[in-house]
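Quick note on this note's numbering: the sequence shown kicks off at 692 and runs consecutively. Ideal Cβ positions, reconstructed from N, Cα and C, are used throughout, including at glycine. It should be emphasised that the depicted structure is a prediction, and the values quoted were computed from it without experimental measurement. The block underneath contains the structure these notes are about, expressed in structure tokens.
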Amino acid sequence: MGPSDWRPFIYGGVSACIAEFGTFPIDTTKTRLQIQGGRCETGQIITRKYNGMLHALLKISHEEGIRALYFGIKPAVLRQATYGTIKFGLYYSMKQMLVQNPGEEHLGINIFCAVTAGVVSSAMANPTDVLKVRLQSGRTDFKEKSLLQAFVSIYRQEGVQGLWRGVFPTAQRAGVIVGVELPIYDMCKHYFIKMNILPDSPSNHFLSSFISSLGGAIASTPLDVVRTRLMNQRRLKPSAAHINEAAVYTPRVYNSALECMVQTVKLEGPLALYKGFIPTWLRLGPWNIIFFVTFEQLKKLY
692 MGPSDWRPFI YGGVSACIAE FGTFPIDTTK TRLQIQGGRC ETGQIITRKY
742 NGMLHALLKI SHEEGIRALY FGIKPAVLRQ ATYGTIKFGL YYSMKQMLVQ
792 NPGEEHLGIN IFCAVTAGVV SSAMANPTDV LKVRLQSGRT DFKEKSLLQA
842 FVSIYRQEGV QGLWRGVFPT AQRAGVIVGV ELPIYDMCKH YFIKMNILPD
892 SPSNHFLSSF ISSLGGAIAS TPLDVVRTRL MNQRRLKPSA AHINEAAVYT
942 PRVYNSALEC MVQTVKLEGP LALYKGFIPT WLRLGPWNII FFVTFEQLKK
992 LY
């Protein structure tokens, strides 16, 4: 693959979409766990309904049906088709531009390329992430609407800001998780090959991706909790009927990512920043395994 090669982009997008389909129910339970105990736009505390990942999985299935575990799958796949394509394509393309010989790669360059790719791709795909979180949280606003209608609805009610709600913690989270996962994966894969522990094979890809997912989960969960709570929070625009009455925006509980983090720790304790850690790791593990094994096999095919 050369610096101008299109394959890292296509392979990255296809592999990311396949991985998203396989792990989406776990992501839904993670979202539900992260928003409970937080505050909605009216200031009320969101009721605690779930005691853990398995309890959430069973309760959602029983009360709302199996389909509820896949609410938001359309924007999620659309997100991966954009975010995943740009992220992995940009990461591998930047590495190829900065390092001519793969044997000369070092951790600093890999981290720089990964953080840049994560921030750029996540910022561009933020509207799809907002809609995915809203659907996964159990809101009924968009369940009967098409993707286009849902995006238009958010824009009309909340403006452009609504589509990019939580973009800064999202970009920070992506920078952290990609900056940890991809370099760890590459480092582990090359180490196993160099030390003759494992060849460049699916078993190597499996183990390397599993290790990288643990690092990603530890580093990203606090930012993921903040991001989820900000995205789940609405801020409605004043309607035309109330403009002359000096109507103001619906007040937000969290005015920034930092305020959300501080309030969460203050009201729920530091461990609240690791709500959903188990489903996050259990999702990142299979997600990375499916992604990297698929990605590596696609590279071998063409």
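Three-state secondary structure assigned by DSSP to residue 933
With a pLDDT of 47 at residue 933, under the threshold of 50, the predicted position of this residue should be treated as unreliable, though the coordinate-derived value follows. The answer is helix: DSSP assigns residue 933 an H, G or I state.
Along the chain, where does the alpha helix (DSSP H) that runs through residue 795 open and close?
In this chain, residue 795 is not harboured by any alpha helix (DSSP H), its DSSP state being neither H nor E.
Name the DSSP bridge partner or partners of residue 736?
Residue 736 pairs with 730.
Neighbour-count burial assignment, residue 788, 16 or more Cβ in a 10 Å radius:
Around the beta carbon of residue 788, fewer than 16 other beta carbons lie within 10 angstroms, which makes this residue exposed.
Do you know whose CA, among 921, 988 and 910, lies nearest residue 975's CA?
Ranking 921, 988 and 910 by Cα distance to residue 975 puts 910 first.
Measuring alpha carbon to alpha carbon, tell me which of 912, 878 and 913 ends up nearest residue 896.
Considering only alpha carbons, the answer is 878.
Considering only the beta carbon of each residue, do residue 761 and residue 715 sit closer than 8 Å?
In this structure, residue 761 sits near residue 715, with a CB-CB distance shorter than 8 Å.
Quick one: is residue 957 buried, meaning 16 or more other Cβ sit within 10 Å of its Cβ, or exposed?
That one is exposed.
Please classify residue 699 as buried or exposed, where buried requires at least 16 neighbouring CB atoms within 10 angstroms.
Result: buried.
Count the other CB atoms, across all protein chains shown, that sit within 10 Å of the CB of residue 825; report buried if there are 16 or more and exposed otherwise.
Residue 825 comes out buried.
Threshold first: 3 residues or longer. Then list the beta strand (DSSP E) segments lying entirely within the region 849–896, N to C.
Counting only unbroken stretches of 3 or more residues, no beta strand (DSSP E) element lies wholly within the region 849–896.
Would residue 960 be called buried (16 or more neighbouring beta carbons within 10 Å of its own) or exposed?
By the 10 Å Cβ count, residue 960 comes out exposed.
Spatial distance of residue 889 from residue 986 (CA atoms)
Whole-angstrom Cα-Cα distance: 18 Å.
Give the DSSP-derived three-state secondary structure of residue 1001 in the structure shown.
There is no way to answer for residue 1001, as the model of the chain reaches only from 692 to 993.
Work out the CA separation of residue 918 and residue 697 for me, nearest whole Å.
As the crow flies, the alpha-carbon of residue 697 is around 31 Å from that of residue 918.
Quick check: what's the CA-CA separation for residue 735 versus residue 767?
Looking at the two C-alpha atoms, the distance is approximately 28 Å.
Pair every Cβ in the region 865–879 with every Cβ in the region 835–848, then say whether three or more of these pairs are closer than 8 Å.
These segments do not touch.
If you count every other CB in all the chains shown that lies within 10 Å of the CB of residue 774, and 16 or more means buried, which is it?
The residue is buried, with at least 16 neighbouring Cβ atoms inside 10 Å.
Just to confirm my understanding: we take residue 816, look at its own chain, exclude 5 residues before and 5 after, and list those with CB closer than 7 Å. What are they?
For residue 816, the CB contacts under 7 Å within the same chain, skipping 5 residues up- and downstream, are 770, 773 and 774 in chain order.
Under three-state DSSP, which class holds residue 809?
Residue 809: helix per DSSP, three-state reduction.
Could you pull the start and end residues of the alpha helix (DSSP H) that residue 825 belongs to?
Taken as a continuous stretch (DSSP letters only), the alpha helix (DSSP H) holding residue 825 covers 817–827.
Just checking my contact of residue 903 with residue 979 at CB under 8 Å: how many whole Å lie between their CB atoms?
Their Cβ separation, rounded to whole angstroms, is 6 Å, which keeps residue 903 and residue 979 in contact under 8 Å.
Could you pull the start and end residues of the alpha helix (DSSP H) that residue 779 belongs to?
Residue 779: member of the alpha helix (DSSP H) spanning 776–789, first to last residue.
With burial defined as no fewer than 16 other Cβ atoms inside 10 Å of the residue's Cβ, what is the status of residue 785: buried or exposed?
The Cβ neighbour count for residue 785, taken over all protein chains shown within 10 Å, is at least 16; the residue is labelled buried.
Rounded distance between the beta-carbons of residue 948 and residue 860, thought under 8 Å:
That pair is a contact at about 4 Å.
Please name the residue in 855, 842 and 989 whose C-alpha comes closest to that of residue 765.
Comparing alpha carbon positions, the residue from 855, 842 and 989 closest to residue 765 is 842.
Mark residue 885 as exposed unless 16 or more other C-beta atoms lie within 10 angstroms of its C-beta, in which case mark it buried.
Residue 885 should be labelled exposed.
Delimiting residues of the alpha helix (DSSP H) encompassing residue 980
Under the DSSP assignment, residue 980 falls in the alpha helix (DSSP H) whose first and last residues are 968–992.
Among 837, 858, 778 and 850, which residue has its Cα nearest to the Cα of residue 820?
That would be 858, whose Cα lies nearest to the Cα of residue 820.
Just curious, the alpha helix (DSSP H) that residue 961 is in, first and last residue?
For residue 961, no alpha helix (DSSP H) encloses it, and the DSSP letter there is neither H nor E.
Measuring alpha carbon to alpha carbon, tell me which residue in 749, 723 and 776 is nearest residue 709.
The shortest C-alpha separation from residue 709 is found at 776.
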